[in-house]
Amino acid sequence: MPPIIEIAQAILIFVMLAANVVGAGILLVRLAKFNDHDSWVTAAAMGGAGLSALGYELWLLGYLNAWNQVCFCISSCAMTLVVAISLKNLHFKILRNTHKEISSSFRHNFESKYLAIVTGATALVAAIACFKPPINADEVGYHWPAPLLWASAHHWVRSPYRFTNGPSFIELSYIPSALFHNTASGHLTHFLMWIVLLISACSLSKALRAPALPVIAAVMACPVITIQAAQMTNDLGATSFLISALAILFSLKGKHFSLRSVLLSAIIFSGAISSKLPFALGILPMIVLYLWFGLDAKDYKERFIRVLIFLVPCAVTEMLWLAHTYSLTEKLTDIPVATVWSNTNKPADSAHPYDGALGLAGPPSVEKCLVLLMTPFLTWISGNQEPFGNRTGPVVPLFLPAYLFVVFKYKSAETFQKLRIWLFATSAFYFICVGIFVVRTRYHLVVWTIWSILAGVGYSQLKAKTEGSKHVLLTSIFLLLVTLGCGDSCRTLSKESDTTSILPQIPWLLK
18 MPPIIEIAQA ILIFVMLAAN VVGAGILLVR LAKFNDHDSW VTAAAMGGAG
68 LSALGYELWL LGYLNAWNQV CFCISSCAMT LVVAISLKNL HFKILRNTHK
118 EISSSFRHNF ESKYLAIVTG ATALVAAIAC FKPPINADEV GYHWPAPLLW
168 ASAHHWVRSP YRFTNGPSFI ELSYIPSALF HNTASGHLTH FLMWIVLLIS
218 ACSLSKALRA PALPVIAAVM ACPVITIQAA QMTNDLGATS FLISALAILF
268 SLKGKHFSLR SVLLSAIIFS GAISSKLPFA LGILPMIVLY LWFGLDAKDY
318 KERFIRVLIF LVPCAVTEML WLAHTYSLTE KLTDIPVATV WSNTNKPADS
368 AHPYDGALGL AGPPSVEKCL VLLMTPFLTW ISGNQEPFGN RTGPVVPLFL
418 PAYLFVVFKY KSAETFQKLR IWLFATSAFY FICVGIFVVR TRYHLVVWTI
468 WSILAGVGYS QLKAKTEGSK HVLLTSIFLL LVTLGCGDSC RTLSKESDTT
518 SILPQIPWLL K
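Numbering-wise (the working numbering), the sequence shown opens with residue 18 and increments by one.
#1: Are there 16 or more other CB atoms within 10 angstroms of the CB of Y447, so buried, or fewer, so exposed?
#2: Measure the C-alpha to C-alpha separation of F441 and L471 and round it to an integer number of angstroms.
#3: Within a Cβ cutoff of 8 Å, which residues of the same chain sit near S486, ignoring the five residues on either side of it in sequence?
#4: Give the single residue among L29, T492, L479, L436 whose Cα lies nearest to the Cα of A201.
#5: How many angstroms separate the CA atom of P162 from the CA atom of S344?
#6: Can you check which of these residues, D55, M33, Q478, A95, is closest to F197 by C-alpha distance?
#7: Rounding to the nearest angstrom, what Cα-Cα distance links E335 and L77 in this structure?
#8: Would S176 pass as an interface residue toward chain C - the criterion being a Cβ-Cβ separation below 9 Å?
#9: With DSSP as the reference, label R533 as helix, strand or coil.
#10: Between which two residues does the alpha helix (DSSP H) holding L189 run?
#11: State the Cα-Cα distance for the pair T181 and G40, rounded to the nearest angstrom.
#12: Along the chain, where does the alpha helix (DSSP H) that runs through A314 open and close?
#13: May I ask you to report which of helix, strand or coil DSSP gives R323?
#14: Between the alpha carbons of G137 and N153, how many angstroms are there, rounded?
#15: In terms of residue numbering, what span does the alpha helix (DSSP H) encompassing N37 cover?
#16: Give a yes or no on contact between the stretch 278-292 and the stretch 66-74, applying the rule of three or more CB pairs nearer than 8 Å.
#17: Closer than 6 Å by C-beta to G473: which residues in its own chain qualify, once you throw out the five before and the five after it? Chain order, please.
#18: Within a Cβ cutoff of 6 Å, which residues of the same chain sit near P228, ignoring the five residues on either side of it in sequence?
#19: In its own chain, which residues sit with a C-beta less than 8 Å from the C-beta of T346, not counting the 5 before and 5 after it?
#20: Among R437, T342, A247, E319, which residue has its Cα nearest to the Cα of C507?
#21: Alpha carbon to alpha carbon, how far is C94 from V499? Give it in angstroms, no decimals.
#22: I need the DSSP call for Y476, collapsed to helix, strand or coil.
#23: Between which two residues does the alpha helix (DSSP H) containing S268 stretch?
#24: Straight-line CA distance for I242 to L462?
#25: Under 9 Å between the Cβ atoms of T458 and I260?
#26: Along the chain, where does the alpha helix (DSSP H) containing I244 start, and where does it finish?
#27: Just reading off the alpha helix (DSSP H) that E484 is part of, what are its end residues?
#28: Out of L306, L281, T250, I212, state which residue places its alpha-carbon closest to the alpha-carbon of C331.
#29: Determine the burial state of F310: buried for a count of at least 16 other Cβ atoms within 10 Å of its Cβ, exposed for fewer.
#30: By the three-class DSSP mapping on this structure, what secondary structure does V174 have?
#31: Answer yes or no: the CB of T334 versus the heavy atoms of the ligand ADP, is any distance below 8 Å?
#32: Helix, strand or coil for S278 per DSSP?
#33: Could you spell out the range, first to last residue, of the alpha helix (DSSP H) harbouring T200?
#34: When the Cα atoms are used, what is the spatial distance from F127 to E188?
#35: Between the Cα of L48 and the Cα atoms of A314, V279, A27, I91, which residue gives the shortest distance?
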């Protein structure tokens, strides 16, 4: 196929997928009566709910032997009609309000102009990088081959590739691209999830009473997040579900609280369960605590009901995936303990566990766990190294004063102060509990995203408290860090490989 035709096909598939996501998101937001929220929060809810609906739709179609181009086109046309009808109602005040907010700051503020240019250029580089062939070891090893196998069979079959016979919403989302054998479209699908993640980050910044643009810049300046926008993996997709669910939960204040909104967040959270279970389990306890203690309630009965409404869809989703896995493999899991930690793309086999050069043939040692505490400070210098993983970028370590300030020092209305503490506590709980088991920065995208959001919020609040030369110095430092982080991301996205290293591998970590 000529390259120009393949590019046009990828863009068309992406538009059809976007129509599926937006249309389904509009329907679910309407059912949840989530229309009267802030524009950013509504957009985050639409994106997360739409992605979750797409996963459930493709999951069901697999049992109906209906993975084919015709069904995908019919679904896209139906959702496009929903989007077209919604152009007349208030759902698209999101576009108007967002455009008004960004364009207003863009016209009158040099800092906003610069941030808009840098972030826009980074997004453009990421979009162009989507048209490169797959280069990431995991996407070549199983994230892309599994959808190709299912698309060719038109229904569910047992996959010989690791981690794909269980929860696999992200791999399911690549099936429309696999139907056309278009890798660029698969990359653009993950790029769409990155957009949802950025929108959700903006909605959290609004919940914390901070402008959106510095938060977008801080998140995009974290390479471990941005470089995955042009890859077919599942870390970023699972994180987009989690941040979207958190954005909804943290918007449930006063008149905006409703059990339907809690249910909507649970549906989105179940998308994370269906994508990467450890990610979801890493913050589920804190979400339950927030629903119980973080929101006002008349009595314990009300607290219990909202926790139950959130947990039931999550439990049902997990039970369905267990049944699905058993139907394919005749056992509850096809991932033997012996190879869970193996860094290989070969099918998991308990009889012949693969112990690759960079493999972790068992749970990481104490020394490897301790390394995790240093990864934010090491990997942005040392490059992509396993078991470290991708670079966190300069934002995460150097913005430490900013997000510590916003959590512990900045005084605001009690409600917003609580939200900051809850958000930081959620990331800290995940960092500690998941971090002692997995020493890879890409497994902590939830943490890096939340910390980058807090860094952007902290910068905005610090800037409001400074004047004169201090104000100029603070702004200059922030713009420099954003430039370094986004430049690092663009440099990696433009390379033929996603693995670079300045320092040599550390042998004792790989034993």
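For each residue, glycine too, the CB sits at the ideal point set by N, CA and C.
Reading from the atomic positions:
#1: The residue you call residue 447 lines up with position 430 of the sequence shown. Y447 is buried by the Cβ-count criterion.
#2: The residue given as residue 441 occupies position 424 in the sequence shown. The residue given as residue 471 occupies position 454 in the sequence shown. Taking the straight line joining both Cα atoms gives about 8 Å.
#3: One-based indexing of the sequence shown puts residue 486 at position 469. Hits under 8 Å: none found.
#4: Position 184 of the sequence shown holds residue 201. Minimum Cα distance to A201 is reached at L29.
#5: Residue mapping note: residue 162 aligns to position 145 of the sequence shown, counting from 1. Residue mapping note: residue 344 aligns to position 327 of the sequence shown, counting from 1. Each residue's Cα considered, the two are about 21 Å apart.
#6: Residue mapping note: residue 197 aligns to position 180 of the sequence shown, counting from 1. Nearest of D55, M33, Q478, A95 to F197, Cα basis: M33.
#7: Within the sequence shown, the letter at position 318 stands for residue 335. Within the sequence shown, the letter at position 60 stands for residue 77. Using only the alpha carbons, I get a separation of about 15 Å.
#8: Note that chain C does not occur in the displayed structure, where there is just one protein chain.
#9: This structure gives no information on residue 533, because the portion of the chain shown stretches from 18 to 528.
#10: Along the sequence shown, one-based indexing puts residue 189 at 172. Unbroken alpha helix (DSSP H) run through L189: 186-190.
#11: In the sequence shown, the residue the question calls residue 181 occupies position 164. In the sequence shown, the residue the question calls residue 40 occupies position 23. The alpha-carbon atoms of T181 and G40 are separated by roughly 27 Å.
#12: Within the sequence shown, residue 314 is the residue found at index 297, counting from 1. Run containing A314: none; DSSP gives neither H nor E here.
#13: As a first step, residue 323 must be located in the sequence shown, where it is residue number 306. In this structure, R323 counts as helix in the three-state DSSP scheme.
#14: For this step, residue 137 is matched to residue 120 along the sequence shown. For this step, residue 153 is matched to residue 136 along the sequence shown. About 24 Å.
#15: Position 20 of the sequence shown, counted from the start, is the residue given in the question as residue 37. Looking at the DSSP string, the run of the alpha helix (DSSP H) that includes N37 is 20-48.
#16: yes
#17: As a working note, residue 473 is residue 456 in the sequence shown. P231, V232, A235.
#18: On the sequence shown, residue 228 is found 211 positions in, with the first residue counted as 1. These residues qualify, in order along the chain: S477.
#19: By 1-based counting over the sequence shown, the position of residue 346 is 329. Result list for T346: R175, N182, in chain order.
#20: Looking up residue 507 in the sequence shown gives position 490. Among R437, T342, A247, E319, the Cα nearest to that of C507 belongs to A247.
#21: Looking up residue 499 in the sequence shown gives position 482. Looking up residue 94 in the sequence shown gives position 77. Approximately 40 Å, taken between the alpha carbons.
#22: On the sequence shown, residue 476 is found 459 positions in, with the first residue counted as 1. In this structure, Y476 counts as helix in the three-state DSSP scheme.
#23: Within the sequence shown, residue 268 is the residue found at index 251, counting from 1. Unbroken run through S268: none, as it is neither H nor E.
#24: On the sequence shown, residue 242 is found 225 positions in, with the first residue counted as 1. On the sequence shown, residue 462 is found 445 positions in, with the first residue counted as 1. Between I242 and L462, the C-alpha separation is close to 7 Å.
#25: Residue mapping note: residue 458 aligns to position 441 of the sequence shown, counting from 1. Residue mapping note: residue 260 aligns to position 243 of the sequence shown, counting from 1. Not in contact: T458 and I260 (Cβ atoms no closer than 9 Å).
#26: As a position in the sequence shown, residue 244 is number 227, starting the count at 1. Counting along the chain, I244 falls outside any alpha helix (DSSP H), and DSSP gives it neither H nor E.
#27: On the sequence shown, residue 484 is found 467 positions in, with the first residue counted as 1. Counting along the chain, E484 falls outside any alpha helix (DSSP H), and DSSP gives it neither H nor E.
#28: Start at 1 with the first residue of the sequence shown, and residue 331 comes out as number 314. Comparing Cα positions, the closest option is L281.
#29: In the sequence shown, the residue the question calls residue 310 occupies position 293. F310 should be labelled exposed.
#30: Translated into positions along the sequence shown, residue 174 becomes position 157. Of the three classes helix, strand and coil, the one that applies to V174 here is coil, per DSSP.
#31: Although the ligand ADP was asked about, the structure shown includes no ligands whatsoever.
#32: Here residue 278 refers to the residue found at position 261 of the sequence shown. If DSSP states are grouped into helix, strand and coil, S278 belongs with the helices.
#33: Residue mapping note: residue 200 aligns to position 183 of the sequence shown, counting from 1. Counting along the chain, the alpha helix (DSSP H) containing T200 begins and ends at 200-224.
#34: The residue given as residue 127 occupies position 110 in the sequence shown. The residue given as residue 188 occupies position 171 in the sequence shown. Straight-line Cα distance between these residues: approximately 41 Å.
#35: Position 31 of the sequence shown, counting from 1, holds the residue named residue 48. Ranking the options by Cα distance to L48, first place goes to V279.
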